[in-house]
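Enquirer: Once you've had a glance at the structure underneath, I'll fire off some questions.
Numbering (our numbering), first residue to last: 10 to 101.
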C-alpha cells in the first residue's frame, strides 16, 4: 500500500505536537520551539522566511528576519485562551 504524502505530513505534525505537549508538561527547555516560519507579504503576495522563537514559560513568541539577527521584528503574546492550529495542507 502506497503512503499518501499528505497523511504522512499530518502524522508528522501530530507526532511533533505530542512531543511539544510532553516537553511542556515536564517543563524541559526554556526556548522550547524555534525555527523558520513562512510569512506571506501583504503587498507583493510572496512568501518571506522569518525566524521564530517561542518561550512556553511566558507564552511569548518573537520573530526576526534572520536567525542570527539581534533585533526582534515583532512579538506575539499567547494567553490561556489562545489556540494554535497547524494546517495539514501547508505543514512541511
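Even for Gly, the Cβ is constructed at its ideal location relative to N, Cα and C.
To the nearest angstrom, how far is the alpha carbon of residue 81 from that of residue 57?
Expert: Residue 81 and residue 57: Cα-Cα distance of roughly 16 Å.
Enquirer: Measure the alpha-carbon distance for residue 91 versus residue 74 and round it to whole angstroms.
Expert: Those two C-alpha atoms are separated by around 24 Å.
Enquirer: Alpha carbon to alpha carbon, how far is residue 70 from residue 63? Give it in angstroms, no decimals.
Expert: In a straight line, the C-alpha of residue 63 is about 4 Å away from that of residue 70.
Enquirer: Is the CB-CB distance between residue 61 and residue 46 below 8 Å?
Expert: Going by C-beta atoms, residue 61 is nearer than 8 Å to residue 46.
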